[in-house]
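Right, one structure below, let's go through it.
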Amino acid sequence: EVYQGVAAPKRKRVEDAPVVNEMPKWLEIKPEDDEKTKARKKKLIKSYKSKMRFQTMDMKTKEKADNWQNFMSGKGAKKKK
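All the letters of the sequence shown, read from the start, carry residue numbers 5 to 85 under our numbering.
This is the structure in structure tokens:
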């Protein structure tokens, strides 16, 4: 038996605009919610915030890469003598 390894995780393509904008109203924790519902909503809120954070990080990374490529294709590409 030889170790086969696993496939690399699929990377999502970075969109030009964020897909997730703001948290939906139904995720707000209300005083009348029972403990099970509160726990579920807290978990969903945490997941939602994480997705939003990763989207903004991906957007910033993409913007930096685009800026660098624009710089290198323009004035930064000229060689010094």
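We put the beta carbon where it would ideally sit given N, CA and C, even for glycine. All of these numbers come straight from a predicted model, not from anything done at the bench.
Please tell me whether residue i and residue j are closer than 8 Å, where the distance is taken between their beta carbons.
i          : j          : result
residue 52 : residue 27 : yes
residue 50 : residue 37 : no
At least one CB of chain B closer than 8 Å to the CB of residue i: is that the case?
i          : result
residue 41 : The structure shown contains no chain B; it holds only a single protein chain.
Just the C-alpha distance for residue i and residue j, rounded to the nearest angstrom, thanks.
i          : j          : result
residue 61 : residue 29 : 24 Å
residue 42 : residue 55 : 20 Å
residue 73 : residue 33 : 45 Å
residue 12 : residue 35 : 43 Å
residue 59 : residue 14 : 16 Å
residue 63 : residue 5  : 43 Å
residue 57 : residue 9  : 30 Å
residue 66 : residue 79 : 20 Å
residue 68 : residue 31 : 33 Å
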